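Residue numbers (the working numbering): 9 to 919. For reference, the structure is listed below as structure tokens.
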């Protein structure tokens with residue numbers, strides 16, 4: 009019999025915040041034991057705040073049969089950080105990538121966001137982006153009770169990922185066991201100030217949660233609302249690239265061009281949670297949970313785009329190099345330079361809805377059955393508008409400038425200039441460079457992207473469990489899960505032309521704003537105006553890019569998936585080699601039917617022609633898994649996990665679109681060439697092996713060491729493939745077989761690494777240290793992935809070789825303080841490029857530090873203030889920038905983003 013058990017304190021903590029997770033048998037066992045402790049009226053010491061969160065997280069980790077990490081709320085509506093991704097990024101083996109200054113997506117054990125599956129109460133979520141990875145800022149942390157990261161899967165986990173499965177969990181009102189109302193309010197400010205006219209550097213957050221029980225504790229409800237209006241400011245240096253000076257390979261590299269700007273954002277999010285729980289007796293348990301968020305991000309971007317070497321002969325007369333160092337021009341002059349003054353806007357409107365209904369019925373002491381139905385929907389509408397102005401229309405027209413530049417230590421340049429770029433009599437509306445001819449020569453005065461994403465995921469799960477009366481086999485679970493997902497992308501883009509074309513237009517006075525300062529890169533003030541208002545008032549003529557841009561024509565798609573999973577899992581509890589052992593062994597059979605609707609698009613007489621196409625694939629994969637835990641000493645566990653796992657291919661690469669070029673004369677006997685998606689893409693597959701040693705030496709202290717190895721069976725690369733165009737265009741002559749570039753499943757490789765973590769309460773060593781503690785973790789990962797056996801290894805997206813997290817805290821007598829640091833080394837990350845497309849770039853190592861202090865008046869002895877607490881937080885305390893670079897040279901900076909610090913002052917009240 010297994011002797012390794014959590015203490016009554018940790019059991020009670022789990023019960024007090026029990027989740028709605030429908031599928032975690034481990035959690036259910038712990039909750040049952042905690043309920044027994046409560047029924048026996050055992051007195052448990054009250055623990056709150058940071059230490060409560062740490063103790064509950066530790067109890068979840070130690071009681072799980074899998075290798076997991078967990079985050080628990082310090083109290084109702086109060087996860088440790090202001091966002092879920094920031095909390096996740098403090099866990100061993102987890103790293104976050106920032107977007108606009110906030111943690112947005114995560115990598116786990118070196119595997120990027122594409123390899124991590126996210127669920128809410130055990131159910132996979134639809135997503136607002138083009139693929140499957142969840143953007144965590146869509147989910148208010150105030151409405152979640154805990155998050156569990158499953159690093160090793162079991163057969164009952166329906167949404168597996170090679171990296172991990174992240175399960176966000178809401179509260180169980182019946183397990184909570186008492187009426188609670190919690191209110192929180194915070195004021196927020198960014199220390200860069202309001203960088204753009206019409207923007208603000210101040211924001212606010214508000215949340216309220218209500219938990220109660222009725223009808224002799226047979227009905228429970230939990231209601232929550234969270235509002236956020238968060239400002240974000242940014243000074244961004246963005247380079248086009250670095251060609252050789254005068255295009256001579258013997259010369260040093262030089263700035264090809266730059267698009268530095270200031271961005272002011274206001275992110276507004278409203279989240280709603282409702283949980284209805286019904287348990288009339290010990291046999292039947294039903295839970296309905298609804299989660300909805302409305303997310304809006306409004307960004308104003310103003311800057312001056314400056315062609316460098318790549319503008320020579322059109323936008324300028326070339327560059328004179330004054331100084332160079334180690335093959336890079338560090339100081340120079342851009343001669344007779346024309347620039348583009350830009351007033352851009354990015355808007356995002358996104359909604360996410362998740363509904364789940366779980367019912368469990370215990371037939372007798374041995375049999376129980378469970379049914380779960382769920383719906384997840386996500387919709388996103390973007391507007392990305394560019395508005396151009398300058399001194400003349402097209403290359404070689406208008407006043408030019410002599411621009412001096414000098415590269416700085418951070419890789420960004422500082423300029424000197426002569427023209428006044430804030431003068432409305434000099435800077436006028438119209439395209440100053442020859443970028444496009446939608447309705448005539450040099451008629452592109454801007455551009456607007458309007459992509460729309462719709463994602464819907466439905467699922468139903470039926471399962472049963474048989475509990476054995478004795479023996480090593482504790483229980484057997486089996487069942488089936490069927491899901492249907494459909495994701496659509498409609499990518500619309502339009503060239504904008506001023507209705508004053510071909511003349512330049514003076515900005516009407518009613519749209520003029522206070523000039524925006526670009527002092528951070530030396531260009532002074534620039535003309536600022538409300539470009540979106542001008543667009544909405546009909547100032548521009550729109551021309552669809554889809555009719556003339558082949559790439560745009562094949563960027564809309566529909567992908568459908570139906571997945572049926574049959575599973576069986578045996579839960580074990582016995583002795584092996586004289587050691588208490590528990591765990592599980594199981595198998596999933598995964599049948600997938602995937603298809604995509606798209607277009608075969610080509611050019612004819614300068615216009616795009618499209619022919620509909622539908623294609624797809626079916627396959628079955630078998631996924632065995634085993635998790636074993638051995639109690640090797642008092643409070644010591646040795647865990648072993650092995651499994652075959654899958655992560656489904658990116659949905660934007662599974663589209664059936666084909667863009668082609670037909671050459672009647674042919675080249676080498678080939679008449680057709682082009683690019684394509686691949687609806688036949690198979691999932692990424694891996695065999696993974698994990699060993700973990702965990703030593704729990706107190707309720708709030710443990711040490712863990714883990715090694716992992718993921719044998720990647722395949723990987724997705726862009727490769728050449730042959731397509732029979734004759735089947736689509738039978739009237740065309742020549743060889744019907746054409747060569748296209750498309751994503752395909754290639755060779756695999758491996759990811760391996762080591763994790764160390766330590767949670768330490770200094771109070772166990774000396775009374776004078778009571779309340780002090782630390783949490784430390786570090787991970788080292790490495791990989792080798794090859795397209796073919798003879799090719800060079802490729803960089804795995806999302807993998808940082810080194811990550812390190814450190815938190816030092818103090819909590820005693822109502823006072824609390826915490827400083828946290830998260831470090832990740834260089835990695836390949838996905839960012840947005842032109843026309844809102846996604847691309848992978850090298851991102852520089854970063855170390856983000858946050859801090860907070862607070863006081864809980866419940867421990868002040870003042871009855872009137874019981875339940876009130878105050879909190880002051882600083883995010884990005886050291887003002888850590890985000891920086892990416894070209895190739896392997898960190899001096900060739902692509903992006904340098906300065907976000908400043910965010911300050912928050914708040915109140916929490918619980919009664």
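Positions of the beta carbon are idealized from the N, C-alpha and C atoms, including for glycine. Computed from a predicted model, the values in this text were never measured in an experiment.
Same chain, Cβ closer than 8 Å to residue 112, neighbours up to 5 away in sequence not counted
Locating residue 112 in the chain shown gives position 104, where the first residue counts as 1. Around residue 112: 93, 104, 105, 106, 143, 144, 145.
Thinking just about the alpha-carbon of each residue, which of 420, 153, 170, 130 is nearest to the one in residue 121?
The sequence position of residue 121 within the chain shown is 113, counting from 1. With respect to the C-alpha of residue 121, the residue from 420, 153, 170, 130 having the closest C-alpha is 170.
If you run the structure through DSSP and keep just helix, strand and coil, what is residue 921?
Nothing about residue 921 can be read from this structure; the chain reaches only from 9 to 919.
Cross-strand partners of residue 628 (DSSP beta bridge):
Residue mapping note: residue 628 aligns to position 620 of the chain shown, counting from 1. In the DSSP output, where bridge partners are listed per residue, residue 628 has 599.
What's the gap between the Cα of residue 156 and the Cα of residue 508?
For the purposes of this step, residue 156 is taken as residue 148 along the chain shown, with counting starting at 1. For the purposes of this step, residue 508 is taken as residue 500 along the chain shown, with counting starting at 1. If I take the Cα positions, the gap works out to 58 Å.
Residue burial classification, residue 606 (beta-carbon count within 10 angstroms, cutoff 16):
One-based indexing of the chain shown puts residue 606 at position 598. So residue 606 ends up on the buried side.
Between residue 115 and residue 398, what straight-line distance do the alpha-carbon atoms span, to the nearest angstrom?
Here residue 115 refers to the residue found at position 107 when the chain shown is read from its first residue. Here residue 398 refers to the residue found at position 390 when the chain shown is read from its first residue. Rounded to the nearest angstrom, the two C-alpha atoms are 42 Å apart.
Should the segment 411-425 be called in touch with the segment 508-519, which here means at least 3 C-beta pairs below 8 Å?
Three or more Cβ pairs closer than 8 Å define a contact, and the segment 411-425 falls short of that threshold against the segment 508-519.
Reduced DSSP category for residue 287 - H, G, I as helix; E, B as strand; rest coil
Within the chain shown, residue 287 is the residue found at index 279, counting from 1. Looking at residue 287 - three-state DSSP - the assignment turns out to be coil, as it is neither helix nor strand.
Determine the DSSP secondary structure at residue 181, reduced to helix, strand or coil.
Taking the chain shown and counting its residues from 1, one reaches residue 181 at position 173. The three-state reading of DSSP puts residue 181 in helix, counting H, G and I together.
Does the ligand GTP have a heavy atom nearer than 8 Å to the CB of residue 463?
Summarising the ligand content, the structure contains no ligands, and the ligand GTP is consequently not present.
Can you tell me whether residue 619 is buried or exposed? The criterion is at least 16 other CB atoms within 10 Å of its CB, across all chains shown.
Here the question's residue 619 lines up with position 611 in the chain shown. It is exposed - the Cβ of residue 619 has fewer than 16 other Cβ atoms within 10 Å.
Is it buried or exposed, residue 448, if we count other Cβ atoms within 10 angstroms and call 16 or more buried?
As a working mapping, residue 448 is identified with position 440 in the chain shown. So residue 448 counts as exposed.
Residues bridged to residue 364 [DSSP beta-bridge criterion]:
Position 356 of the chain shown holds residue 364. DSSP output for residue 364 lists 297, 382 as bridge partner(s).
Would you be able to state if there are at least three C-beta pairs under 8 Å between the segment 608-627 and the segment 199-213?
No contact exists between the segment 199-213 and the segment 608-627.
Inspect the beta-carbon positions of residue 918 and residue 188 and report whether they are closer than 9 Å.
Here residue 918 refers to the residue found at position 910 when the chain shown is read from its first residue. Here residue 188 refers to the residue found at position 180 when the chain shown is read from its first residue. Going by C-beta atoms, residue 918 is nearer than 9 Å to residue 188.
Count the other CB atoms within 10 Å of the CB of residue 71; is the residue buried (16 or more) or exposed (fewer)?
Along the chain shown, one-based indexing puts residue 71 at 63. Buried: at least 16 other Cβ atoms inside 10 Å.
Give the DSSP-derived three-state secondary structure of residue 69 in the structure shown.
To locate residue 69, count along the chain shown from 1; it is residue 61. Residue state, collapsed to three classes: helix.
Considering only residues of the segment 407-481, which uninterrupted beta strand (DSSP E) runs meet the minimum length of 3 residues and lie entirely inside it, listed in chain order?
As far as the segment 407-481 is concerned, its whole beta strand (DSSP E) runs of at least 3 residues are 409-415, 421-424, 454-457, 460-475.
Please list, in chain order, all residues of the same chain as residue 590 whose beta carbon is under 7 Å from its beta carbon, the five residues on each side excluded.
Position 582 of the chain shown, counted from the start, is the residue given in the question as residue 590. Excluding sequence neighbours, residue 590 sits near 10, 73, 580, 581, 637.
Give a yes or no on whether the C-beta atoms belonging to residue 783 and residue 706 are separated by under 9 Å.
Working through the chain shown from its first residue, we reach residue 783 at position 775. Working through the chain shown from its first residue, we reach residue 706 at position 698. Going by C-beta atoms, residue 783 is not nearer than 9 Å to residue 706.
DSSP beta-bridge partners for residue 315?
Position 307 of the chain shown, counting from 1, holds the residue named residue 315. According to DSSP, which records beta bridges pairwise, residue 315 is partnered with 265.
To the nearest angstrom, how far is it from the Cα of residue 378 to the Cα of residue 712?
Walking along the chain shown from the start, residue 378 turns up at place 370. Walking along the chain shown from the start, residue 712 turns up at place 704. For residue 378 and residue 712, the distance between alpha carbons rounds to 35 Å.
Given residue 835 as reference, the closest of 858, 802, 814, 820 once Cα atoms are compared
Along the chain shown, one-based indexing puts residue 835 at 827. Comparing alpha-carbon positions, the option among 858, 802, 814, 820 lying closest to residue 835 turns out to be 802.
Mapping DSSP to helix, strand and coil, what is residue 776?
The sequence position of residue 776 within the chain shown is 768, counting from 1. Correct three-state label for residue 776: helix.
Residue burial classification, residue 913 (beta-carbon count within 10 angstroms, cutoff 16)
The count along the chain shown starts at 1 and reaches residue 913 at position 905. Classification of residue 913: exposed, given that the 10 Å Cβ count is below 16.
Cα-Cα separation, residue 486 to residue 354:
If you number the chain shown from 1, residue 486 lands on position 478. If you number the chain shown from 1, residue 354 lands on position 346. Residue 486 and residue 354: Cα-Cα distance of roughly 48 Å.
Taking residue 320 as the reference, give the member of 498, 275, 341, 258 with the closest Cα.
Start at 1 with the first residue of the chain shown, and residue 320 comes out as number 312. Considering only alpha carbons, the answer is 341.
Measuring CB to CB, does residue 358 end up less than 9 Å from residue 325?
Taking the first residue of the chain shown as 1, we reach residue 358 at position 350. Taking the first residue of the chain shown as 1, we reach residue 325 at position 317. Contact check for residue 358 against residue 325 fails: the beta carbons are separated by 9 Å or more.
When the Cα of residue 766 is compared with those of 838, 785, 774, which residue comes out closest?
Here residue 766 is taken as the residue at index 758 of the chain shown, counted from 1. Residue nearest to residue 766 within the set 838, 785, 774 is 785 (criterion: CA-CA distance).
Give the secondary structure of residue 921 by DSSP, where H, G and I count as helix, E and B as strand, and everything else as coil.
Outside the modelled stretch of the chain, which goes from 9 to 919, sits residue 921, for which no answer is possible.
Own chain residues within Cβ distance below 8 Å of residue 422, not counting five before or after:
Along the chain shown, read from residue 1 onward, the residue named residue 422 stands at position 414. Apart from the 5 residues on each side of it in sequence, residue 422 sits with its Cβ closer than 8 Å to the Cβ of 413, 414, 416, 529, 530 in its chain, given in chain order.
Is residue 39 helix, strand or coil when you go by DSSP?
One-based indexing of the chain shown puts residue 39 at position 31. At residue 39, the pLDDT of 46 sits below 50, so the modelled position is not reliable and the matter cannot be decided from this model.
Does the distance from the CB of residue 383 to the CB of residue 465 come in under 9 Å?
Counted from its first residue, the chain shown places residue 383 at position 375. Counted from its first residue, the chain shown places residue 465 at position 457. Yes, the Cβ-Cβ distance between residue 383 and residue 465 is below 9 Å.
Using CA coordinates, which residue listed in 777, 908, 407, 903 is at the minimum distance from residue 858?
Stepping through the chain shown from its first residue, residue 858 is reached at position 850. Closest by alpha carbon: 908.
Less than 8 Å between the CB atoms is what I'm expecting for residue 719 and residue 694, so what's the real figure, rounded?
Position 711 of the chain shown, counted from the start, is the residue given in the question as residue 719. Position 686 of the chain shown, counted from the start, is the residue given in the question as residue 694. About 6 Å; that satisfies the 8 Å criterion.
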